[in-house]
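Counting in numbering that gives the first Met the number 0, the sequence shown runs from 0 upward without gaps.
The C-beta atom is built at its ideal place from N, Cα and C for all residues, glycine as well.
Below: one structure, written as structure tokens.
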Amino acid sequence: MALTQVAGPLMAQQARETLPRWIDLDQPGSRSLRLAIPADLDRALPDRDIDYLLIEVDSGWAPAWKDAAFKLKSLIVTLKTRGAEVAVGMEAAPQQIDALLEHELAAYIDGYVFTDDPYIPEADETGKLWQRVEVPKARVLQTLVEASSLGISHVLFENIDIDDTHDAFLKTISATRTGSLDVQPELANMPSEEAVFFFDPDSGNYHLGVYGDAERDRLFSFRLAEGLKPTLLHPEKADFRHKQYGRLSEFRLSAGEPYYFFVLEPSERSGTMESIEIVEQKSIDPYELVVKNQVFKDRERQKFESLVVLEKQNYRYQAASGATIDVTFYDTLVLRKDRPAERIRKELYFGGVKWPYSKLPELPLIQPEKLQSAPMDIDLDKSYAYSYAGEDTIDGFKTWKVRFQPKSEGDFLSGTVWFDQETGAHRRIRAIQNGLEPPVIGNEMIADFDWVEDDGERFWVQVGERNLQIINVVGETIPLQIDTKRSEYQFNASDVDHMLADAYQGDYQILRDTVGGFRYLKLKDGKRVLQDDTVPPQKFLLGGVFMEPSLDFPLPLGGFNYTDLDFMDRGWQANFFVAGLINDLIVSNPDFLGMGWDLTAEVFASAVRFGDEFYVNNEEDETQEVENLRESFNLTLGIPLNSFFKFSANYSLAYNDYSDADDTSEDFVLPSSHFENIGRVGLKFNRGRFVSELQYEFVKRSEWEAWGLPDNTEPLEDSYRTLQFDASLSRRLKGFQSIQADVRYLKGWDQDRFSRFEFGFFENRVSGFGSAGIEADEAVRLRFEYDVGIKDILQFSVSLDGARTWRDLPDESGVLRRADPVDLYGIGLAANFIGPFRTIMRFDVGYGIDSDLEDEAGKFTGQIVFLRIF
């Protein structure tokens, strides 16, 4: 972005001080010296007095920076002994400037020269911007005024001769209290860049700087205010004529005088302040704000030596179906100057239930690139393009909003920063990180900052952060809502190192920040050793009892679950759930073909036959009940479209085997045992607290023959289609409380009894209803849930479920007709707590409150599950 550009009729606000200094580089007798580096680095300096030194560094220069900085310092000292007031400007690439300033060159440089993109290194708190421009003579004043508004201290003009008359004109304006640039009125017979209008809110007067013509009169007019009375300030004597027609002012400037500067006194001054406020709101340049913020941050860094702060981090997983998992850490975060950040894990909560054992489980550390490191390291450097986005108020403080975008593909942050209007501090940063490496496919963060006082001194620090991270874990796209809050700040404490040393010898779980994110510091032989493995395999022992109406007796479960996010040391992910009667094995490559896609294979094997009940006129008919065993193989390809959308394509091969139930009629013909070839496509969206998923599938049966009683009139369909949409919204409340709501819509085509949607514990759950007997060709389900942690020992949940289902039934002639809807209502109660032997226990019971199917209401579903972490 060229800083001298002006958009539309509004011009940049002029600073209320003098114009920046102007240097005519090509004027004969100029008191400036230009040195090309490295060509002129070892040459003899000219023996003449100078006021300005311009060091122009070749873009390809990459020397030994320590030696180069020493030579430049020697050169500058030599020139300053000739004239102590020599101002030094350097024009170089940002990486060259940074490399030189690492060797204490900053104290010798007064300004950093730029043409298009300004750069002031953070290492030089007092550095100024110098701008090199090439403009027509009639644009010199406008260029200087714009540069002043941007905080530029020097403007270097090339290929132009600013003579003594022109110089005197500019000096007169610079020495006059002109006020701010006003809305530029539309000029007739005069190019807009050759006339500049100012307004002084204190006096209510306008000023006008205008370029004349040495060879002919200039006649121009504009509409500004009624009764303007012009007074010539420069030159002292010149011939001009002025006529006023209401708000229309007409000027004639006599030939021979090239520069005019007037004060314009209006007869009425009402309403002008409103106009000025509008101009100032729209004239803020974002680069000026960024530079001011960099200076503010440098000042704060000089006060900082260390920070010890209590940090609460809550991780919340929320599925489109409404399922949620909450994990909360209480850490002591230790930040030290020029040292990596470290976390001392003090407490762990699962859904509001405190982990009662001294040794905390090592959970996987899945982190996006860099953003999960110490938040104070998030920095708005000059590799971004900035745009002004207006004003806003944050916590009662007025701020400027500035949007930023990366200039190259190598940067992955874009968003908005809110700068405090008084101090230049960054009060809020909202950023989205794209282009991440799997398994993290998206990260959005909002960080808040404020003053914190400690021992009578104020420090500017981050006080909270909210993240939405999208990660792929064994084929599932998981949105993680991360809420971080800080409290109990201790700055520059003298015993920080001793406190860490004591923690190293204790049983605490400690993590250290690295280039790749946080890593565990494990205690081995009395020393803390940094672990490279961020995702150690997780092993769980499983056990429990499951019951629902479609089962003849409670189903015991026993087995283990193994999760490895670096399976076979190849970056693959695996999850093996083995419980004897029910088993699920998943292996996933989260970076398939190196494109950030995920390819997942799943095998589901079961030895449990679930009953499939049947209703005639809303009454159960046991003579048509059958039992079904289903197993499947799935292969899914997931393609992230951006940080929030993900497309998936799936192929499944499922096997269905049918058998008689206890009271099945001898006349009932069982359905053909068969394979199903299933193709699915899906689209997921995750943003903030909202999660949604749309899925369409087509199913083709390998074999499907007539089934049922002899009078069965259902169509014989060997293929069918389904559509499913899920959406959920959740909100955290104070303490360990949360509420959530989710909706599911189901629609099917060409379905029959054995392909219609069912409602039970494992699919389309409505508390208290089993996985058989309730069939639908179309349905809507709503679910509301409230969770609360009680006294750190129990998480209690209550849910209300409701569903309305529609079914298409054949009439006597075989034509399908929509039957009356069937409604289901249930209530669920659940409790989680930590049991003995490091086990997580869960009790879950559901009761069917009411249903249009009388035999289905009043039943219970439930499970008792324990999970032991190794």
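What are the boundary residues of the alpha helix (DSSP H) that includes V495?
Start and end: V495 to Q504.
Taking C-beta to C-beta, are A174 and L186 nearer than 8 Å?
Their beta carbons are not under 8 Å apart, which means A174 does not touch L186 by this criterion.
Could you tell me whether the Cβ atoms of A600 and L634 are closer together than 8 Å?
Going by C-beta atoms, A600 is nearer than 8 Å to L634.
Under three-state DSSP, which class holds A67?
DSSP places A67 in helix when its eight states are reduced to three.
Using 8 Å as the Cβ pair cut-off and three pairs as the minimum, do the segment 441 to 448 and the segment 567 to 574 touch?
No, they do not touch.
Does the segment 324 to 339 come close enough to the segment 716 to 725 to have 3 or more Cβ pairs within less than 8 Å?
The segment 324 to 339, when compared against the segment 716 to 725, does not touch it at the 8 Å Cβ threshold.
Skipping 5 residues on each side, what residues in its chain have a beta carbon closer than 7 Å to that of R700?
Only H673, E675, D717 and S718 meet the Cβ criterion.
In the structure shown, what three-state DSSP assignment does A137 receive?
In the structure shown, A137 sits in a helix (DSSP, three-state: H, G or I).
Hey, quick one: how far does the beta strand (DSSP E) through K345 stretch, first residue to last?
Residues E341 to F349.
Going by the CB atoms, is the gap between S658 and R704 shorter than 8 Å?
According to the sequence displayed, residue 704 carries Glu and not Arg. Against a cut-off of 8 Å, the Cβ pair of S658 and E704 comes out as no contact.
Judging by CA-CA distance, which residue of N649, Y314, V460 and L435 is the nearest neighbour of E475?
With distances taken between Cα atoms, E475 lies closest to N649.
In chain order, what residues of the same chain lie with their CB nearer than 6 Å to the CB of Y258, ignoring the 5 residues before and after it?
The answer, listed in chain order, is F168.
Taking the alpha-carbon of R427 as reference, which of G455, A106, R465 and P820 has the nearest alpha-carbon?
Minimum Cα distance to R427 is reached at R465.
What does DSSP give as the partner residues of S253 in its beta bridges?
BP columns for S253 are empty, so no partner.
Would you report the Cα separation of A91 and K79, rounded to the nearest angstrom?
Approximately 21 Å, taken between the alpha carbons.
Kindly identify the DSSP beta-bridge partner or partners of F156.
In the DSSP output, where bridge partners are listed per residue, F156 has D23 and V132.
Please classify M0: does DSSP put it in a helix, a strand, or coil?
The predicted position of M0 is uncertain, since its pLDDT is 29 and thus under 50; a value taken from the coordinates is nonetheless stated next. Of the three classes helix, strand and coil, the one that applies to M0 here is coil, per DSSP.
Would you report the Cα separation of Y210 and N188, rounded to the nearest angstrom?
Using only the alpha carbons, I get a separation of about 13 Å.
Quick check on G825: buried or exposed, where buried means 16 or more other Cβ atoms within 10 Å of its Cβ?
G825 comes out buried.
Determine, for P438, whether the minimum Cβ-Cβ distance to residues of chain B falls below 8 Å.
Of the chains in the structure shown, none is chain B; there is only one protein chain.
DSSP state of Q623, grouped into three classes?
Note: Q623 maps to helix in three-state DSSP.
Between which two residues does the beta strand (DSSP E) holding K526 run?
Unbroken beta strand (DSSP E) run through K526: K526 to L529.
Quick one: complete beta strand (DSSP E) runs, 3+ long, within the segment 701 to 747?
List check, beta strand (DSSP E) in window: 718 to 732.
Cutting at 6 Å between CB atoms, please list the residues of its own chain near A606, excluding the five before and the five after it.
Here the set comprises L580.
Please return the same chain residues whose Cβ sits closer than 6 Å to the Cβ of Y695, not counting the five positions on each side in sequence.
For Y695, where only same-chain residues beyond five positions count, the Cβ hits under 6 Å are V680 and L722.
When you compare only the Cα positions, how much space is there between H153 and Y387?
Roughly 24 Å separates the two Cα atoms.
Can you tell me whether M89 is buried or exposed? The criterion is at least 16 other CB atoms within 10 Å of its CB, across all chains shown.
Buried, by the Cβ-count rule.
So, for E361: in the same chain, excluding its five sequence neighbours on each side, which residues have a beta-carbon less than 8 Å away from its beta-carbon?
These residues qualify, in order along the chain: Q508, Y519 and P535.
Counting pairs of beta carbons, one from the segment 574 to 588 and one from the segment 479 to 487, are three or more of them closer than 8 Å?
Touching, no, given that fewer than three Cβ pairs across the two stretches are closer than 8 Å.
Looking at the unbroken beta strand (DSSP E) that takes in K538, where does it start and where does it end?
First-last of the beta strand (DSSP E) with K538: Q537 to M546.
List the endpoints of the continuous beta strand (DSSP E) containing P809.
Run containing P809: D807 to P809, per the beta strand (DSSP E) assignment.
Exposed or buried, what is G245 when buried is set at 16 or more other beta-carbons lying within 10 Å of its beta-carbon?
The residue in question, G245, is exposed, as its Cβ has fewer than 16 Cβ neighbours within 10 Å.
Check whether the Cβ atoms of G226 and S266 sit closer than 8 Å, and answer yes or no.
Result yes, Cβ atoms of G226 and S266 sit closer than 8 Å.
CA-CA distance, R629 and K358?
Straight-line Cα distance between these residues: approximately 41 Å.
Once DSSP output is grouped into helix, strand and coil, what is the label at V401?
Three-state DSSP puts V401 in a strand.
Taking the beta carbon of W596 as the centre, do at least 16 other beta carbons fall within 10 Å, making it buried, or is it exposed?
Classification of W596: buried, given that the 10 Å Cβ count is 16 or more.
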